[in-house]
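Enquirer: Numbering (the numbering used here), first residue to last: 3 to 439.
Beta carbons are placed, not taken as given, at the ideal position from N, Cα and C, and that holds for glycine.
Here it is, the structure, as structure tokens.
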Amino acid sequence: MSIELLTVVLFCSMIVFFLMGAPVGFSMGGIAMIIGYFTWGPKAFKLIQPTTMATLSGFILLAIPLFIFMGQVLLHAGIAEKMFDAFHVLAGRIKGGLAIGVIVVCSAIAAMVGVIAAGIMTAGTVALPSMLDRGYHKNLALGSIMAGGGMGILIPPSIPMILFASVTNTSVGRMFAGGLIPGLIMSACFVVYIAVRCYIDPEYGPPFQPEKRIGTREKWIAARDGSIAFGLIILVLGCIMSGAATTTEAAAVGAVGAVLVAIFYRRFTWAVLRDSSMEGMRLTSVCIWLFIGALVFSNFHMMMGAGRLVRQLIADTGLSPMGVIIIMQITILFMGFIMDDFVILLLCSPIYTPIAMSLGFDPIWFGILMILQMEIAIQTPPYGFALFYMKAVVPPQITMTDIYKSITPFLVIKFFILALCMAFPNIITWLPNLLFQ
């Protein structure tokens with residue numbers, strides 16, 4: 003079977019299995035082994051053992067359950083609500099202040115959870131009722147939650163960044179540093195848009211009118227409570243970027259720190275520990291099975307000549323190096339209509355990254371571009387996965403059309419940031435090069 007026909011069969015079979023509702027990790031690994039058996043015979047099954055061992059024995063992957071546990075403890079202990087309440091008090095009197103606070107808090111919540119689906123659904127559950135109760139326009143309320151929650155894979159600590167680094171043998175610390183400046187620029191653009199939109203139309207984001215005057219003491223307590231979780235995230239990132247700890251060691255610091263924060267608030271109970279551990283174990287299992295299945299699929303495809311096929315297609319088109327990157331970004335955008343972010347990352351990284359490096363591009367720059375595009379892809383109407391995650395937690399009267407309208411202006415900003423990072427690579431590479439010389 004030619005590599006061209008094999009590629010068509012592999013991806014068509016994968017889409018069919020996805021539409022049938024089969025588990026993604028098992029579908030990808032199973033498809034690869036079934037087709038591998040008819041291509042190579044029984045020796046195809048020898049691919050499973052080394053791929054699985056390489057996946058499970060990677061030291062860097064230990065960071066995934068630790069980061070997930072950190073986020074789950076903070077969520078189940080109610081620290082996320084405290085962060086949101088702090089912005090109610092500190093920024094609620096500003097027009098659109100609550101939406102601005104949602105961008106910041108939802109980004110942090112999504113980063114702590116490390117998975118877009120859980121980040122958006124958690125942020126939507128916590129933030130949306132309060133915004134609608136305070137008279138915010140549903141488009142601004144939904145859009146700010148989607149925009150902030152979706153940034154969880156760009157704002158470190160990010161599970162997709164860890165997976166990308168593991169698949170491509172790049173530095174997690176450099177990936178984290180590379181995502182910081184684009185993430186801050188994107189957040190700033192969101193804040194400017196919300197401020198301008200609410201200045202033009204104050205009914206979009208009315209200021210919070212408390213029943214009684216909030217005193218200095220209440221504001222100080224709110225600032226203290228809201229800053230503790232942020233301080234934990236900064237501590238974890240500081241450990242990695244200063245070189246004081248590896249990514250896995252910093253993740254352990256974060257996990258212990260989350261427990262200490264919950265104890266500080268007197269919210270660390272047996273139920274919190276049990277629920278955090280169970281949910282952390284479930285999300286970690288999903289990540290690992292996805293990782294194994296996608297790598298079995300990708301390794302089989304690569305061994306059959308996928309890399310050679312892609313390089314030949316690129317040579318035949320005669321595109322410039324940047325033109326090749328743009329084509330890769332477009333394919334990721336369309337894949338986001340039918341696949342989750344983890345699947346896209348694990349499928350594309352082993353094929354696209356070596357080609358980008360052979361064209362002279364920095365792998366950290368390319369990795370952040372991939373993550374930016376994935377964030378856009380899974381939120382792009384009509385079929386982006388994240389849109390349906392949001393629909394799962396909104397009130398029944400909010401339609402999919404409302405969600406489509408709400409995310410559109412924020413998607414425009416995200417496309418702008420993506421184009422900016424492509425045109426000026428130093429936005430991504432400056433900080434990693436400064437910190438990791």
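(1) Helix, strand or coil: which one does DSSP assign to ARG276?
(2) Looking at PHE412 and TYR201, is the spacing between their C-beta atoms short of 9 angstroms?
(3) Would you list, in sequence order, the uninterrupted alpha helix (DSSP H) runs of no fewer than 4 residues that lie entirely inside the stretch 103 to 184?
(4) Can you find the residues in the same chain that come closer than 6 angstroms, C-beta to C-beta, to ILE230, ignoring five residues on each side of it along the sequence?
(5) Around the C-beta of VAL298, are 16 or more other C-beta atoms found within 10 angstroms, so that it is buried, or is it exposed?
(6) Are at least three pairs of beta-carbons, each pair with one atom in the stretch 329 to 343 and one in the stretch 370 to 382, less than 8 angstroms apart?
(7) What does the Cβ neighbour count give for TRP367, buried or exposed, with the cut at 16 atoms within 10 Å?
(8) Between THR54 and TYR206, what straight-line distance do the alpha-carbon atoms span, to the nearest angstrom?
(9) Could you give the distance in angstroms between the alpha-carbon of GLY137 and the alpha-carbon of PRO208?
(10) On the premise that ILE105 lies in contact with SER189, defined as a C-beta separation below 8 angstroms, what is that separation, rounded to the nearest angstrom?
(11) Taking 9 angstroms as the cut-off, decide whether the C-beta atoms of GLY181 and MET163 are in contact.
(12) Quick one: does ILE366 have its CB under 9 angstroms from some CB of chain C?
(13) May I have a chain-ordered list of the alpha helix (DSSP H) segments no shorter than 4 residues that lie completely inside the stretch 232 to 319?
(14) Is the stretch 309 to 320 touching the stretch 43 to 50 in the sense that three or more CB pairs, one from each, lie closer than 8 angstroms?
(15) Using 8 angstroms for Cβ pairs, my map puts ILE415 next to PHE192. What's the rounded Cβ distance?
(16) In angstroms, rounded to a whole number, what distance separates the CA positions of MET148 and MET330?
(17) Could you please give the first and the last residue of the uninterrupted alpha helix (DSSP H) stretch that includes GLY207?
(18) Among GLY151, ASN141 and VAL128, whose alpha-carbon lies nearest the alpha-carbon of CYS108?
(19) Taking 8 angstroms as the cut-off, does the stretch 64 to 80 touch the stretch 254 to 268 (at least 3 CB pairs, one atom from each stretch)?
(20) On the DSSP letters alone, give me the boundaries of the alpha helix (DSSP H) that LYS416 sits inside.
(21) At which residue ranges does the stretch 32 to 59 contain complete alpha helix (DSSP H) runs of 4 or more residues, listed in the order of the chain?
(22) Given this structure, state the Cα-to-Cα distance separating VAL395 from LEU144, to the nearest angstrom.
Expert: In short, the structure shows the following:
(1) Residue mapping note: residue 276 aligns to position 274 of the sequence shown, counting from 1. Note: ARG276 maps to helix in three-state DSSP.
(2) The count along the sequence shown starts at 1 and reaches residue 201 at position 199. The count along the sequence shown starts at 1 and reaches residue 412 at position 410. Taking 9 angstroms as the cut-off, the Cβ atoms of TYR201 and PHE412 do not count as close.
(3) Unbroken alpha helix (DSSP H) runs of no fewer than 4 residues, entirely contained in the stretch 103 to 184, are found at 118 to 135, 140 to 152 and 161 to 170, following chain order.
(4) For the purposes of this step, residue 230 is taken as residue 228 along the sequence shown, with counting starting at 1. For ILE230, the CB contacts under 6 angstroms within the same chain, skipping 5 residues up- and downstream, are VAL263 in chain order.
(5) Here residue 298 is taken as the residue at index 296 of the sequence shown, counted from 1. Residue burial annotation: VAL298 is buried, with at least 16 other C-beta atoms found within 10 angstroms of its C-beta.
(6) Using a C-beta cut-off of 8 angstroms, the stretch 329 to 343 makes contact with the stretch 370 to 382, since at least three inter-stretch Cβ pairs fall below that distance.
(7) Translated into the one-based positions of the sequence shown, residue 367 becomes position 365. Under this definition TRP367 is a buried residue.
(8) What you label residue 54 is simply residue 52 of the sequence shown in a count that begins at 1. What you label residue 206 is simply residue 204 of the sequence shown in a count that begins at 1. In this structure, the alpha-carbon of THR54 lies about 51 angstroms from that of TYR206.
(9) Here residue 137 refers to the residue found at position 135 of the sequence shown. Here residue 208 refers to the residue found at position 206 of the sequence shown. Their Cα atoms are separated by approximately 7 angstroms.
(10) Numbered from 1 along the sequence shown, position 187 holds the residue referred to as residue 189. Numbered from 1 along the sequence shown, position 103 holds the residue referred to as residue 105. About 6 angstroms separates the CB atoms of SER189 and ILE105; that is less than 8 angstroms, so the two are in contact.
(11) One-based indexing of the sequence shown puts residue 181 at position 179. One-based indexing of the sequence shown puts residue 163 at position 161. Taking C-beta atoms as the reference points, GLY181 and MET163 count as a pair closer than 9 angstroms.
(12) Although the question refers to chain C, the structure presented lacks it and comprises just one protein chain.
(13) Runs of the alpha helix (DSSP H) inside the stretch 232 to 319: 249 to 266, 272 to 305 and 308 to 319.
(14) Fewer than three pairs of CB atoms, one per stretch, sit closer than 8 angstroms, so the stretch 43 to 50 makes no contact with the stretch 309 to 320.
(15) Within the sequence shown, numbered from 1, the residue matching residue 415 stands at position 413. Within the sequence shown, numbered from 1, the residue matching residue 192 stands at position 190. Yes, they are in contact, since the Cβ atoms of ILE415 and PHE192 sit about 6 angstroms apart, within 8 angstroms.
(16) If you number the sequence shown from 1, residue 148 lands on position 146. If you number the sequence shown from 1, residue 330 lands on position 328. Their backbone Cα atoms lie some 25 angstroms apart in a straight line.
(17) On the sequence shown, position 205 is the one that residue 207 refers to. That residue, GLY207, is in no alpha helix (DSSP H); it is neither H nor E in DSSP.
(18) As a first step, residue 108 must be located in the sequence shown, where it is residue number 106. The shortest CA-to-CA distance from CYS108 to any of GLY151, ASN141 and VAL128 is the one to GLY151.
(19) These segments touch.
(20) Position 414 of the sequence shown, counted from the start, is the residue given in the question as residue 416. That run of the alpha helix (DSSP H) goes 402 to 425.
(21) Complete alpha helix (DSSP H) runs here, min 4: 50 to 58.
(22) Looking up residue 395 in the sequence shown gives position 393. Looking up residue 144 in the sequence shown gives position 142. Spanning the two alpha carbons is a distance of roughly 11 angstroms.
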